[in-house]
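What follows is one structure encoded as structure tokens, with my remarks underneath.
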Amino acid sequence: MTSYRFSRRQMLRGLGVSMALPWLESARVWGDVAAGGSGSEPPVRLAALFAGNGFHSREWWAQGSGAAMELGRVLAPLAPHREQLLFIRGLFHAEAQKGNIHSSQTGNLLSGAPLASGGEIRSGTSFDQLIAQSYGRSTKVASLVLGCESANPSVHKNYSMLYSSHISWSSPTTPTPLELYPALAFDRLFKDEARHGDQSVLDAVLEDAGDLRRRISAGDRRKLDEYLDSVRDVEQRLERAGTSGELQGWRPTLAEPDVPRPPDGLPQNIADHMRLMCDIVVLAFQTDATRVCTLKLNNDHSSLRFPHLGVDYMIHHLLSHSDTDDWLKVNQFFVEQLAYMAGKMAAIQEGERTLLDNSMLLFCSSMMTGGHNNDELPVVLVGRGGGRIASGRVLDYSPRADRQLCRLFLSLMDKTGLRLNSFGDATRPLDEV
Amino acid sequence: MVVPVPRPRLLRAVPRAAVRGVVPRAGRIVSALLGAAFAALVPAWSRGAEEPSPLEELEAVFVGEIKPLLSRCCVACHGPEHAEADIDLEAFATAADVRRAAKLWQQIERIVASRQMPPPEAEQLSAEQRQRLLAWIRAVLLSEAAKQAGDPGPVVLRRLNNAQYRYTIQDLTGVTSLDPVREFPADGAAGEGFTNVGNALGMSPALVSKYLEAARQTAAHAVLLPDGFRFSPATTRRDWTNEALARVRAFYGRYCRESDRRTLEARGADPELESGRSLPWEEYFAALLETRAERAAGRTDRALLARQRGLSAKYLTALEAALETAPSDPPAPPFDALRARWRTAEPADAAALVRDVTTWHGALWKLNPVGHIGRARGPKSWLEPVDPLTDRQNFAAPLRAKPGEAEIVLYLSATDAGDGGQDDRVIWERPRLVAPGRPEVLLRDLRQTATRMAQLRRQLAEQAEACLAAAHEAYAATNPPDVAELAARRGVDPIVLRSWLAFLGIGPAAADAAASDLLTQPRTSVGGHDFVAAWTGDDNLSVVANASDQPVRIPGELRPHGVCVHPAPTRAAGVGWRSPLAARVRIEGRVQRAHPECGDDVAWAVELRRGGARLRLVAGVAKRAEPVSFGPLAAIDVRPGDAIALVVAPRDGDHACGLTAVDLTIATADGPTWDLAAELSGDLLAGNPHADHAGRPGVWQMFSEPTSGWSGDAIPPDSLLARWQASGEAGERAALAAELQRLLREGAGGLAAEAPDAVLVRQLLSLGGPLLSAAMAESAAQPGGDADRPSTWGLSPDAFGVCADGTPIDPASLCVEAPAVVEVRLPAELVDGYALATSATLAPGAAQGSVQASASTVPPSGAGLQPGAPILVLPEGVARRRWEAGLSAMRRLFPPALCYGRIVPIDEVVTLTLFYREDERLRELVLDDAETAELNRLWDELLYVAREPLELATAFAQITEFATQDRPDLVVEFADLRAPIAHRAAAFRQRLVDDEPRQLAALADFAKRAFRRPLTVEEADRLTAFCRRLREEGTAHEEAFGLTLTRVLAAPDFLYRAEEPGAGAEAAPVGNHALATRLSYFLWSSAPDDELRAAADAGRLAADDALRAQTRRMLADPKVRRLATEFACQWLHLVDFDRTDEKSERHFPSFAALRGPMYEETIRFFTDLFQNDGSVLDILGADYAFLNEELAAHYAIPGVQGPEWRRVDQVRAFGRGGILTHASALAKQSGASRTSPILRGTWISETLLGEPTPRPPKNVPPLAETAPEGLTERQLTERHATDPACQKCHQRIDPFGFALEGYDAIGRSRREDAAGLPIDSATTLPDGTRLAGWDDLRRYLLTTGREAFLHQFNRKLLGFALGREVALSDEPLLVEMRTALEANDFAASAAVEKIVLSRQFREIRGREAPADAEVAAFESAAAHEPSEELRR
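First to last, the protein sequences are chains A and B.
Here the first sequence is numbered in the numbering used here, starting from 1 and rising by one per residue.
Here the second sequence is numbered in the numbering used here, starting from 1 and rising by one per residue.
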């Protein structure tokens, strides 16, 4: 009678529930895992960059290794970083092949979880957020989730477009809100948050929430707990605002930002917007204000235009349905952001290694090309993960059955010291990574 | 095309027959079926329990027919083995199992119906089998829907979304400019595609921080008031104060108008009156005049009349009473005159009556500087009554000769003041000629004096040469001359010669040359600096010196070792150097304002003073901070006793901050040099006069002198006399003297008026000139004169000293009977520069008399009453009492201003008045008690918000500090104010503390509105306790209050719409407040307003009628615009269209400016639809549009001018009407540079008709990289759809889009596409319908598509209202909505009311209700919208 329910889903739900615990408790779950090596070692940082709608169908490729690696034209901007590069072909999410195009291919990109349709919003906690929760209170901010295109508030073919705009999920039911404003992202990292009275207000509000919690239904309580946990998180961070740095054990190379706060408001130009966001990610890592950043350069189903490239006659999404030179130009523009970020990080020395050596920059999309095909996903990794990744290689999983993208995520979590038995549809990491 | 659909119960009868013929044709339009489907469904539900249950039948069909079918065609993939898409159909053993998984089976039904299943490779269903299967599933679903109908459904706790948060904050605060969510992340949509679904509204630490910040920002707008608080658009006290000020001013503006500046200035009134507000008398007079007849007949309601005309009933009544009272007897001028005029006035006379009234203002009132009120000896009020009644009126008529006229005529006029001539006996007392510093001449004696002066002038002219020769001799002599001897020797009149010598500075000085008035009061430690000293006089007059090496501010700046002078309002201040020797000197120096940031400019002059003569050497004005250097003036000959004076005077009689630095050096060629600053700054107080550096006593003098004689007399430069003075050579001097004498004798008529010699001649011959004034002083005592030349000037001496009735009066006075004008001719040469001074009084005993007198060179204008002029009466006379009565009525009823509208005085630089209130007259004449109370409250708020008592205390301290340096006199004056000001500040501080509980109570009340429910006592206490705890920790009240407010706005009860479920599993009605909140967020996206909350408080909302009434009221409210935006625009994917950035700027440069108007059109369209209860079908078929000029131009619709929005009818002729042709929709569903028939078609199909299209395949082949040349946009699209995998769907979708090809990518009508190719908008739908273009499409959607469209509208509206996905259990309600629309001409309110009155809207699932069993059941399989296919 109940056999049409699915064990996989229940398993994921089980995981999701534990993820939905207040971060403090979550941190305890993984608290015994040393985050990124010993206290004096620079930690391993993760940045996940996303570009929607895939890439040019013939120009996403790499072959050879090390300095001799050859790159397709989409990846050309990464040429200077070939030796830091890991080009991975053939990985995919089985769940993302179900459901709708675009949104159902994106909302679970970093979790591999099944997506709920209709009135429900449910994915899985994404691996970047698991790392953020495991790093816990080591940094001022657990993670930074940035975007350069505003989320789309609609439902498309019965799937919320939330899925199309959020790859980072702090719980299975909570897409992490994106910060679009560079200045506000900067403030979140560097503004002294402790203002007189904040603590009192939050205390009181928690008290109110406790009251309210008793009056509402069980289902509503789960929703309210998102709020309670968030308030508690803010409060804890306020408490620690004055003592920041003491818990870290590791002294970052930069104590304060060495660039001015970006101007208020949204940048007029998408190139400026992306550049500012990349700068903030680098700055965040350099100051160890956070160790996990997710940067969604655009939405899947993106409506960005690129007048600065001379491509303003068609929005990104529609452009992706072609293989034109303009589409290639736009692809390269996105990859340039990764190259720029890698270049900046390579120039920052952290002891023996560079910041790039200590980081993992994951660059991916939810489909291979604009034709919505996702049986193989484009994945590129830059950085050596604290020396734990042998880069400068091309890995090809395309002929294999166990080519779950979640295996890569298990690998990357492993580099940060977070070891899970399973994640998404994978139970073991990629041996080669 | 309508295809009959079997009623479910037919299934058991003859299913085969019934289903025959319903095989759907390929590409049929789903909507075509819906009407029939509804017809079939309604009886199914309405049958209720009395019908036999079809369940057994369904069960039988399942086992016997359906299950085998599934096993054959489906289970291979969807069985226990594979369970593709996680669907195992074997698991369904009974029909009951199917019913429990209704949602999954909705899905299955859809996929089978759309022939996506079974897949081509599987065994196919026959058409009949397919139909059998579908009919059975529908029947099961129908029975399930009926069973669950009205289920409130699963509604997860909803956070306010960004729009709701913004609207709620705006409504709670009343501040529409607040937008605290501007930089919030976008909300997610779920359910039916709206952002009000709890599931999609997440929370995160980053968002909590944003909410906290938003709450803080909102709290910063709270302004504490005595009895609570309010919100302001601003966050600074300065702005709050200005708002409070504006409120008071707006109150003043209700009945009064700002005084008309022009009339006031025309009357010569103080422009300050401009700041006052007076009544619009003309409107009052007109109101009374126009209704005179009705009022006489007692037919007028004054209150109504006043209301109609926006006038004060109170004043209208008072005015009427005063005017219609019979004139008093004896008459009380001038009010009785007004009454008299009133009696015969016509409506057109209102303006003239007003003039009669306002002419009196100047005589009855005077304006005082508000800045002076409150000071000791200061005025008591701004507008002060003046009594024009007097027993004596003084005159001083200035006498100024006109060029070329020999006489000046003066008129002494007395009128009867308009009340008859009884007792009007006037005495002109001692009329006389006066000039400053000169002896006066009685008018009585003028004839005689004129004769004598004529003689002297003749002598002057004839003896000039001789006198100057004598002067030359005396000049050369070493000893002072013996004037009598010299005169005798030269044969000249000694008086004349003495005048000459004095004028030329020869001979013994008549008086001390420099020191008119030495300053005598020393002051040390000026400004607290022991190195600053001063000599001072009255009125701030001073000479100040800085003995130190450092500059110092007192508050004007004193340079190191510098000397400054400070003049008084009517006195100049100066420093003089009195020559101790005879020498030729060189003079230079500098003048500079020392306090330029305050006050006005000063006038200055350097003069050589010798005897009675002042030779002005140089003069000017020092402006701002610019230093003015003068000199060097070389070759000035001085003699012992001569003085060089540097004088500084207030310019134009202003004196504030007139501190002026002065430098003066006087040097001899090879002898000593004097330096004013150097010699005085060190030991200023050593004496006055002060010795020079060599100890010569009395060289320096600090003095003051009146500014009245400021002009002074100087020998005109370059004149004959100046040249004579400069020469010194006897021969040359003699020639010059001869020439001068000739001029004096013959007159300077041949010269230009301003030629130096012409000026000189006038000066020498003037009665007030230096020669004759001195001579007149000597000769005044000498009667006689030249009997040969009798004068006809002035009046006969016989006219003086006696009245007509013989009563003796002062011998120098005149007596006349009014009305009378005495004309006096005066010799211009003689009297120029003098004034005629006299006083007018009534003769003793003239008790009934009242006159108006004037003494002027202007002929009197007429007889009768001169409004505004003083009236002479005897102090105790009967006349006085009569006049007093009339004038006081005038004053009481017609004050020139009712209130001081400026409130903040600006008439003084230094003032202790921050806000000045003077509105007693307004309160007395106009306001009723309630209005007065309101005004008092506004004033109290103003002073409270401005913290006036505290500000005043601060200002007082500052002013005192300032004054100790600059205005020591004020310090004394202020001394008495210190205690009251301090006391008031202390009382205010206490008041602030006392008000805290009231403010907290108001905060609790605010929390009730913010939480949208009553607060428990504990909750209210907790708020108070929170604030108190912060206070105890040392937080100031205002901040603690702000934090408490922040807490309310950050609380989950505010951010979330929490609802309390009932116990048990059953659904139950939500409480009144929750219902009010649901309703309010449905229709207004905001918290309930006062009225809705009151209904909830009273527990009335549960009743259908009350709910319906509230719904209607709320739909009619302008706030329903938010329903248009949040529901309609979100449904149509147009929300935030004004921010869309998807158009190519290169192709559509005008788009950025137009997207706002485009969005506005759509919002206004739907706002109108809901607010005016339009037909839902108008969404497609309206023949009207909402346009402004900009958008109309975009649409090429003529005749729409101006930026304002309006409804324009009959737009179909221009290819517009309904959402299909809104530029917003057309542009949104287009590409960046060209149209997209696919997007438009999909939008019509999915969004408007609710017909989902299957998902596009996952491996869409990419488009060719370059399209062949010469294809239209349409052909490009058609080419795209040639792929067989795509064709099936595109055949359904694209034709809709093709029909709209007549509109370009930003919604303009067009005949050619971007490439210049002709547009083809003709198309054929899959059902064979041919459409020629948009109008056919519109018609098609309104007929064939009508049911689908209405169903979609209802479904979306319901989904929005409930904040969740529409479920199977909602199907009956959708049917009811459809029926209600039909029955009400499709009025939108019919659908809204059905929702509001439904169970799902009014109930909540029970606490113990099981979670939806099937939520998890099929989600992986879900690829298309489920559920509405039920009716297919």
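C-beta atoms are modelled at their ideal positions from N, C-alpha and C, and glycine is treated no differently.
{"Asked": "Cα-Cα separation, B/Asp642 to B/Ala694", "Found": "18 Å"}
{"Asked": "Buried versus exposed, by CB contacts within 10 Å (16 or more), A/Pro429", "Found": "buried"}
{"Asked": "Residue span of the alpha helix (DSSP H) that contains A/Phe334, given as start and end", "Found": "Asp325 to Ala346"}
{"Asked": "Contact list for A/Arg261 against chain B, beta-carbon separation under 7 Å", "Found": "None at all; the shortest Cβ gap to chain B is about 14 Å."}
{"Asked": "Option nearest B/Leu1169 by Cα separation, candidates B/Ala1387, B/Arg452 and B/Leu446", "Found": "B/Ala1387"}
{"Asked": "Proximity below 7 Å, CB of A/Pro182 to CB of A/Leu276", "Found": "yes"}
{"Asked": "Short CB-CB distance (under 7 Å) between A/Pro172 and chain E", "Found": "Reference to chain E is not applicable here, since the protein chains of this structure are A and B."}
{"Asked": "Proximal residues of chain A, C-beta to C-beta of B/Gly1316 below 8 Å", "Found": "What B/Gly1316 touches in chain A: nothing, since even the nearest Cβ is about 17 Å away."}
{"Asked": "Proximal residues of chain B, C-beta to C-beta of A/Ile216 below 8 Å", "Found": "Leu157, Ala1058, Glu1059, Glu1060 and Pro1061"}
{"Asked": "Close-in-space but distant-in-sequence residues of the same chain around B/Ser813 (CB under 8 Å, 5 per side omitted)", "Found": "Ile427, Trp428, Glu429, Arg430, Pro431, Phe800 and Gly801"}
{"Asked": "Cβ neighbour criterion (16 or more within 10 Å) applied to B/Ile906", "Found": "exposed"}
{"Asked": "Length of the line joining the Cα atoms of B/Thr1035 and A/Phe363", "Found": "50 Å"}
{"Asked": "Beta-carbon spacing of B/Phe285, B/Leu353 below 7 Å", "Found": "yes"}
{"Asked": "Proximity below 7 Å, CB of A/Pro177 to CB of B/Pro185", "Found": "yes"}
{"Asked": "Positions along the stretch 209-239 of chain A whose CB lies within less than 7 Å of some CB in chain B", "Found": "Ala209, Leu212, Arg215, Ile216, Ser217, Gly219, Asp220, Lys223, Leu224, Glu226, Tyr227, Ser230, Val231, Asp233 and Val234"}
{"Asked": "Contact set between the stretch 1082-1098 of chain B and chain A, restricted to residues whose Cβ is under 9 Å from the partner", "Found": "none"}
{"Asked": "Inter-residue spacing [alpha-carbon to alpha-carbon] between A/Met413 and A/Ile131", "Found": "6 Å"}
{"Asked": "Classification of B/Asp810 by the beta-carbon crowding that lies within 10 angstroms, buried from 16 upward", "Found": "exposed"}
{"Asked": "Proximal residues of chain A, C-beta to C-beta of B/Phe1026 below 8 Å", "Found": "Ser200 and Ala204"}
{"Asked": "Extent of the continuous alpha helix (DSSP H) run through B/Asn162", "Found": "Asn162 to Thr173"}
{"Asked": "Reference B/Gly1218; option with closest CA among B/Ala1232, B/Thr300, B/Val1176 and B/Ile1197", "Found": "B/Val1176"}
{"Asked": "Bridge partners - A/Met360, DSSP secondary structure assignment", "Found": "A/Leu46"}
{"Asked": "Short CB-CB distance (under 7 Å) between B/Asp187 and chain A", "Found": "yes"}
{"Asked": "Per-residue DSSP class, three states only, for B/Gly576", "Found": "strand"}
{"Asked": "Nearest neighbour of A/Leu78, chosen from A/Ser170, A/Asp220, A/Ala185 and A/Phe334 [CA to CA]", "Found": "A/Phe334"}
{"Asked": "Presumed contact (8 Å Cβ cut-off) between B/Ala397 and B/Val816, rounded CB distance", "Found": "17 Å between Cβ atoms; not a contact."}
{"Asked": "Neighbour flag for A/Arg419 against chain B, beta carbons, 7 Å", "Found": "no"}
{"Asked": "Any chain B beta carbon closer than 7 Å to A/Glu432", "Found": "no"}
{"Asked": "Contained beta strand (DSSP E) runs [length at least 3] in the stretch 162-191 of chain A, N- to C-terminal order", "Found": "169-171"}
{"Asked": "Residue-level contact to chain A via CB, B/Val1048, 7 Å cutoff", "Found": "no"}
{"Asked": "Run of the beta strand (DSSP E) containing A/Gln129, from where it starts to where it stops", "Found": "Element bounds for A/Gln129: not the beta strand (DSSP E) but the alpha helix (DSSP H), Phe127 to Tyr135."}
{"Asked": "Three or more C-beta pairs below 8 Å linking the stretch 163-170 of chain A and the stretch 318-326 of chain A", "Found": "no"}
{"Asked": "Short Cβ contact (7 Å threshold) for B/Arg1100 with B/Ala1109", "Found": "no"}
{"Asked": "Beta-carbon gap between A/His372 and A/Ile121 smaller than 7 Å", "Found": "no"}
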